[in-house]
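In the numbering used here, the protein residues as written are 858 to 1174.
Shown next, in structure tokens, is the structure this report addresses.
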Amino acid sequence: MGKTCFSWIGPLLILLACNGSAFSLDCPKAPEQVSKEWEVEVNAAVAKIGPIKGGDLATKTKRTTQDLLGKLPDAGRIYLEQMMFSAYCSALRDDKTLAEGEKAKRLNEYIIEVRKTINKAPASSGTKTKPTARAPQTESPALAATVATVAKRKLIIVMDSDANRTSMRQIVDLLSDFDKRGLVAIEIAPVTKDYRVDKFLGGKQPDLVIIHASAFYEVTSVDLFENYVIDFIKTIHNTSPNTEVLVYSGYFAEGSANGPRWLGRMRETYAEKVYGELVDPGFLERVDTIGFPHANEVSPEVGTAMRDKVVAILHLK
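Shown next as structure tokens:
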């Protein structure tokens, strides 16, 4: 398996390219310039964050960063970033329960919150600990390069009814090499009877949601399941306006005009409101359709069309 590798040179984190195309974490050690006491303090604090994600991860990361800024005012902000990155990266790397794509996603969310909290913190007004190293007052290309590398992975969420997980697995399989190449992270989100839009979002802002036109068939009446899909798209549009949506259906495969016709009918039939509030009339502009029949096996033509569509939407290479 290929790795994303890191190395410290002086106070900087240098990103190294390793052989192989599959993504895995190979984490840097804390900078040699920092004291052992600081490193122990940071490792202990970061370990308490635990296996959380989304909004919980952001909240706890912010609190942990603020605590460490108070306890280690002389560590220097750049070194503190690097120590916190090293500690959390190592914890994720050793977690055998998480897929590599999920590890990369959490690492990206974590370090963005760390940097944001550090940048917002007021400057230290005095010495509280004995300094053994001071960070240079320049922005480290270290974390900029790291965040850019991890953040390049686009988040794709695949959705269908809970009873039809076959199509979701097929789509994930079709896109799996993009995951292995470190281009995307893929999640599935079956629509169960306790489904709620806010629960699905959970603070996420996916780059692409791939959803079946009848994903809500099991959780509502036959007459309303399309309305649920549209309300879902509206909610995504309101809370994550840069998210693209790809709606798939066997019906769309029956004729090239069926997808555009379906979108037109959705626009005309359903008022552009969600939860009683008006939404941007362009809520369907970031929505595309594709034919994808339910079948035990995906034909080469259908598989190629799905892959090509995702490449075009996300500008993958």
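All C-beta atoms, glycine included, are put in the ideal place defined by N, C-alpha and C.
Residue i versus residue j: straight-line alpha-carbon distance, rounded
| i | j | result |
| --- | --- | --- |
| Arg-1022 | Asn-1099 | 26 angstroms |
| Ala-901 | Pro-1150 | 51 angstroms |
| Gln-939 | Ala-887 | 6 angstroms |
| Ala-944 | Arg-950 | 10 angstroms |
| Lys-905 | Glu-1083 | 44 angstroms |
| Leu-1120 | Lys-962 | 32 angstroms |
| Ala-1114 | Lys-977 | 51 angstroms |
| Val-1076 | Gly-933 | 53 angstroms |
| Arg-1118 | Lys-910 | 39 angstroms |
Status (buried if at least 16 other CB within 10 Å, exposed otherwise) for residue i
| i | result |
| --- | --- |
| Gly-912 | exposed |
| Ile-1043 | buried |
| His-1069 | buried |
| Gly-1039 | buried |
| Asn-1153 | exposed |
| Asp-839 | Here the chain comprises residues numbered 858 to 1174, so residue 839 is not present and cannot be evaluated. |
| Pro-1157 | exposed |
| Ser-1024 | buried |
| Ser-1071 | buried |
| Val-897 | exposed |
| Thr-1161 | exposed |
| Asp-1017 | buried |
| Glu-1148 | With the sequence shown as reference, residue 1148 is identified as Gly, and Glu is not the correct amino acid for it. Classification for Gly-1148: buried. |
Neighbourhood of residue i by C-beta, 6 angstroms cutoff - its chain only, sequence neighbours within 5 removed
| i | result |
| --- | --- |
| Gly-1116 | Phe-1109, Thr-1146 |
| Ser-1097 | Gln-1062 |
Short Cβ contact (9 angstroms threshold) for residue i with residue j
| i | j | result |
| --- | --- | --- |
| Val-1048 | Asp-1019 | yes |
| Arg-1164 | Leu-1065 | no |
| Thr-921 | Val-903 | yes |
| Leu-1141 | Met-1123 | yes |
| Gly-1107 | Val-1041 | no |
| Ile-968 | Phe-942 | yes |
| Leu-914 | Leu-926 | no |
| Gln-1173 | Lys-960 | According to the sequence displayed, residue 1173 carries Leu and not Gln. The answer is no: Cβ separation not under 9 angstroms. |
| Ile-1014 | Glu-1101 | no |
| Phe-1035 | Val-1167 | yes |
Own chain residues within Cβ distance below 8 angstroms of residue i, not counting five before or after
| i | result |
| --- | --- |
| Gly-1133 | Note on Gly-1133: pLDDT 49, under 50, position unreliable in the model; the coordinate value appears next. For Gly-1133, where only same-chain residues beyond five positions count, there are no Cβ hits under 8 angstroms. |
| Thr-954 | Pro-908 |
| Ser-947 | Cys-884 |
| Ser-878 | Unreliable placement is indicated for Ser-878, whose pLDDT of 38 sits below 50; the coordinate value is still reported in the next sentence. Excluding sequence neighbours, Ser-878 sits near Gly-859, Lys-1037, Arg-1038, Gly-1039. |
| Leu-929 | Trp-895, Glu-898, Val-899, Leu-937, Thr-986 |
According to DSSP, residues forming a beta bridge with residue i
| i | result |
| --- | --- |
| Thr-1096 | The partner list for Thr-1096 (beta bridge, DSSP) is empty, contrary to what the question assumes. |
| Asp-1145 | Leu-1103 |
| Ala-1042 | Leu-1012 |
| Val-1180 | Outside the modelled stretch of the chain, which goes from 858 to 1174, sits residue 1180, for which no answer is possible. |
| Ser-1018 | Val-1048 |
| Val-1066 | Ile-1014, Val-1102 |
Nonlocal neighbours in the same chain, by C-beta distance under 7 angstroms from residue i, ignoring five residues either side
| i | result |
| --- | --- |
| Thr-918 | Ile-906, Tyr-967, Glu-970, Val-971 |
| Val-1144 | Ile-1090, Val-1102, Val-1104, Leu-1120 |
| Ile-1045 | Val-1015, Met-1025, Val-1029 |
| Val-899 | Leu-925, Met-940, Met-941, Ala-944 |
| Gln-1027 | Val-1155 |
| Thr-974 | Lys-919, Thr-922, Gln-923 |
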